[in-house]
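Following this line, the structure appears as structure tokens:
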């Protein structure tokens, strides 16, 4: 025991990545505690992000996405993992959880890791069995076989999950139409970078933007997708409209307007006996310096651990996020970290963008591809975000931006970094260095003009 | 003019990457200056690092390695670029340079960017035309055609240039033997990582280690390479024994024992009118906190600019290096940044290593490859270096280590970074995160044992 709290009974609601990380960490921290996990689905922690690749046939079996078998948690880690057991009520004051089986479980520490629900719009026809969301592995396994009979599909929502699903279904030989009510794809990057993603999607699918979904019309052999500007007949509708934190069971706790729980650095909620992690929480965003809802896997795992250690009486802190993500869109990779220009401006920051195209390798080396680099920064130089799009060398390059944002680097610091060079991997000035230098150059030019103007 | 110095006459010795960067920057900084570049070879600035890929036939023409044609510098940038003109004497006190043509050129500022010579051992037979070094593009172009008639080659030196050349010659269908007097390859990484590189080299070439070169015996149809443990008959000998700064012309200036010029952050040497950059200087190493000779392309370009700005009276500073490099060895990529354990210990630092193997992608995603990750750090946590080896996702991942080293991060900071995740590009815990967590775990275990021991 390292803390003052003695957590004899730890209950974890939700056995996903955050929940199983939390449960394991709680057991390690306080071996004498009983740790019970209530998971309403049939599987413990699995790679939700891998579902599109399973559906595409790239990953052979759905079970491949499961990190550890249930037995690993039960036998080896000594966790009371209950699969297929939901939670119907949480009484934080009375320190009791009621299971779907009607059992009342008392707790000293509760860890809430119930995740998020896929958003389903309240329109006619969404209950048809040919209308699906991509969130649960058991649903995906059920869908897998059905895909053999599908010739046409409509993906509603052109965010990263929608684009990944469009790719997955295309891989299965299905004609895919992506629709979105916005006139653009991928709002996690600014429009100029999103346009590159859109172009790539259009090379493989039909993309229909700026037309909201009004209703679904299930027929015998097909389902009509009614948009503001017409109807598309299809055999499958995939809703990829984002997620909403599944926090109705703990509605009294402090949260963002969307329901994401507010937590401190130890992942403790506004109730002293309740911790939380995963897709149901808001995390400290280091660039915004406030809580933000960015539900992604790495933070769910890390914050789950912190919640588990803390809930069991140990000491651990979550350092916050900078909002880093990467997505494969057919042959393109798009990555970003920090804020977009739109997000920075919405946050009231004095922000500007520097954007350029560089080569991914020495220009004479085979396979060198254009890479779009966009940096968001304050006029004075503080880096606020970065966006990359290209076919080569994008994924880990964004991590340099993530490291830079983590410590609050400026464009000058970024330009100064001693990045690796060899012709097969980068130009002698790395694309990130080039972009940082370009931002420096613009600033110097502006400063010179200002001087002239005032002299 | 931004400084107090009026540099009417800037002379640059050496028209490589550093020299042409310096000359261009000097012109931009002080448009009224005359900038003269003396380059003894036939080409201005080219990608020396691209030579192995040209020889391999991967890059079609030697001229492809030239960044800009001479005319770009002369006509567009207004630089008096003199190709084929060497320098025979530098009189720093008299502010005069003598060219190979016998002309005396006065200077206000001298920028010394003469680069480095390939090391040639003082043994019999090295003057034979079948014994070559890989340093100059004109030599490489001459060699290119000869390679068609070569069946067997010996590469002397198993550093990164030797390994790159072994790959290049193998690509040309040549049977290659790599020899080195040391019992290992690639001293820029620790032995455990070098062993992975050695294994990869052995899949494609003969590797003969621990046998020093004694003499070369040129015959009519072949040349005998006499090692301490035998003779190898071959048709071509490539010497890849590293480089030595070409600083004999400025022998009076302060330098490291190997001749690398000591410079300040503005790239000024110990003489107030002489600046230097490129492979002839020692650069401030941020991890060692002292000058180090790490002659690589990116720093040559950046420091060349700083030297040019400074020599023309402007203000610019070079931030220092952390010693980042990456090399392709057949299908393997090896990258490192900062210090090896051996280097850290030699520098008197209390250093330890954490090493592990991670997957390059989600374990279920096709193409996931093992990646060796080795972190060098102080027992308390300060990161001192990192080494990576693998077939997938290595090159830009080292840049995260470079960014971490640049600002003096600890293993805890590294573990905290919000790195990008998607199944095609990384596991949910990035290999770097896993390694940092492993280092944290070892430290926690040791601390617990220490407590027990003293309790």
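Chains as they are written, first to last, in my numbering: chain A, 210 to 664; chain B, 210 to 664. Just so it is clear, CB atoms sit at the ideal spot from N, CA and C, and this is done for glycine as well. Computed from a predicted structure; not experimentally measured.
Please list the terminal residues of the continuous beta strand (DSSP E) segment that includes residue i.
i	result
residue 256 of chain A	Where residue 256 of chain A is concerned, there is no enclosing beta strand (DSSP E), given that its DSSP letter is neither H nor E.
residue 599 of chain B	592-599
residue 319 of chain A	318-321
residue 562 of chain A	561-568
residue 374 of chain B	Premise fails: residue 374 of chain B lies in the alpha helix (DSSP H), 369-380, not in any beta strand (DSSP E).
residue 314 of chain A	313-315
residue 289 of chain B	289-292
residue 433 of chain B	432-436
residue 450 of chain A	It is not in any beta strand (DSSP E) - residue 450 of chain A carries neither H nor E in the DSSP assignment.
residue 274 of chain B	Where residue 274 of chain B is concerned, there is no enclosing beta strand (DSSP E), given that its DSSP letter is neither H nor E.
residue 623 of chain A	Note, residue 623 of chain A: premise wrong, no beta strand (DSSP E); alpha helix (DSSP H) at 620-625.
Give the straight-line distance between the Cα atoms of residue i and residue j, rounded to the nearest whole angstrom.
i	j	result
residue 311 of chain A	residue 317 of chain A	19 Å
residue 313 of chain B	residue 221 of chain B	14 Å
residue 706 of chain B	residue 621 of chain B	Limits of chain B in this structure are 210 at one end and 664 at the other, which puts residue 706 of chain B out of reach.
residue 340 of chain B	residue 446 of chain B	5 Å
residue 228 of chain A	residue 504 of chain A	14 Å
residue 241 of chain B	residue 517 of chain B	14 Å
residue 426 of chain B	residue 336 of chain B	11 Å
residue 628 of chain A	residue 268 of chain B	23 Å
residue 309 of chain A	residue 324 of chain A	17 Å
residue 644 of chain B	residue 514 of chain A	17 Å
residue 501 of chain B	residue 295 of chain B	27 Å
residue 493 of chain A	residue 511 of chain A	13 Å
residue 255 of chain A	residue 390 of chain A	31 Å
residue 538 of chain A	residue 421 of chain B	52 Å
residue 454 of chain A	residue 476 of chain A	16 Å
residue 212 of chain B	residue 508 of chain A	Its pLDDT being 45, under 50, residue 212 of chain B is placed unreliably in this model, and the coordinates cannot settle the point.
residue 334 of chain B	residue 497 of chain B	39 Å
residue 441 of chain B	residue 448 of chain B	15 Å
residue 463 of chain B	residue 642 of chain A	31 Å
residue 210 of chain B	residue 660 of chain A	Model confidence at residue 210 of chain B stands at a pLDDT of 39, short of 50, so the residue's coordinates are unreliable and nothing is read from them.
residue 618 of chain A	residue 289 of chain A	45 Å
residue 223 of chain A	residue 657 of chain B	32 Å
residue 434 of chain A	residue 366 of chain A	13 Å
residue 234 of chain A	residue 481 of chain A	19 Å
residue 230 of chain B	residue 526 of chain A	46 Å
residue 260 of chain B	residue 248 of chain B	19 Å
residue 243 of chain B	residue 556 of chain B	44 Å
For the alpha helix (DSSP H) holding residue i, just list the boundary residues, first then last.
i	result
residue 411 of chain B	400-411
residue 517 of chain B	506-520
residue 615 of chain B	606-615
residue 547 of chain B	Not the alpha helix (DSSP H): residue 547 of chain B falls in the beta strand (DSSP E), residues 541-547.
residue 237 of chain A	226-238
residue 552 of chain A	550-555
residue 350 of chain A	346-355
Please look up how many angstroms separate the CB atoms of residue i and residue j, rounded, as I've assumed it's under 8 Å.
i	j	result
residue 668 of chain B	residue 326 of chain B	Past the boundaries of the shown model lies residue 668 of chain B; chain B is included only from 210 to 664, so the question cannot be answered.
residue 678 of chain A	residue 361 of chain A	Residue 678 of chain A falls outside the range modelled here, since chain A spans only 210 to 664, and no answer is possible.
residue 372 of chain B	residue 536 of chain B	7 Å
residue 625 of chain B	residue 587 of chain B	That pair is no contact at about 17 Å.
residue 581 of chain A	residue 564 of chain A	7 Å
residue 328 of chain B	residue 451 of chain B	5 Å
Legend entry - Interfacial residues, the region 592-623 of chain A to chain B, with Cβ spacing under 7 Å: 602, 604, 605, 606, 607, 608, 609, 611, 612, 613, 615 and 616
Legend entry - Proximal residues, the region 507-521 of chain A versus chain B, C-beta separation under 9 Å: 507, 508, 509, 510 and 511
Inset, instruction - Examine the Cβ distances between the region 631-649 of chain B and the region 602-617 of chain A and report whether three or more of them are shorter than 8 Å. - result: yes
Inset, instruction - Anything in the region 229-261 of chain B with a Cβ closer than 9 Å to a Cβ of chain A? List those residues in chain order, please. - result: 256, 258, 259 and 261
Inset, instruction - Indicate whether the contact test is met: 3 or more Cβ pairs, each with one atom in the region 519-534 of chain A and one in the region 648-658 of chain B, closer than 8 Å. - result: no
Inset, instruction - Determine, using beta-carbon pairs with one atom in the region 401-410 of chain B and one in the region 593-602 of chain B, whether at least three such pairs fall under 8 Å. - result: yes
Inset, instruction - Determine contact between the region 374-388 of chain B and the region 349-366 of chain B, defined as no fewer than three beta-carbon pairs at a distance below 8 Å. - result: Under the Cβ criterion (8 Å, minimum of three pairs), the region 374-388 of chain B counts as touching the region 349-366 of chain B.
Inset, instruction - Examine the Cβ distances between the region 569-584 of chain A and the region 572-586 of chain B and report whether three or more of them are shorter than 8 Å. - result: no
Inset, instruction - Output, in sequence order along the chain, the residues in the region 568-595 of chain B whose CB is closer than 7 Å to any CB in chain A. - result: 571, 573, 574 and 575
Legend entry - chain A contacts made by the region 270-287 of chain B, where a contact means CB separation under 8 Å: For the region 270-287 of chain B, the beta-carbon criterion of a distance under 8 Å to any beta-carbon of chain A is satisfied by 273 and 274.
Legend entry - Proximal residues, the region 371-392 of chain B versus chain A, C-beta separation under 7 Å: Residues passing the 7 Å Cβ filter: none.
Inset, instruction - Check distances from the C-beta atoms of the region 530-546 of chain A to those of chain B and list, in chain order, the residues that come in under 9 Å. - result: 530, 531, 532, 533, 534, 535, 536, 537, 542, 544, 545 and 546
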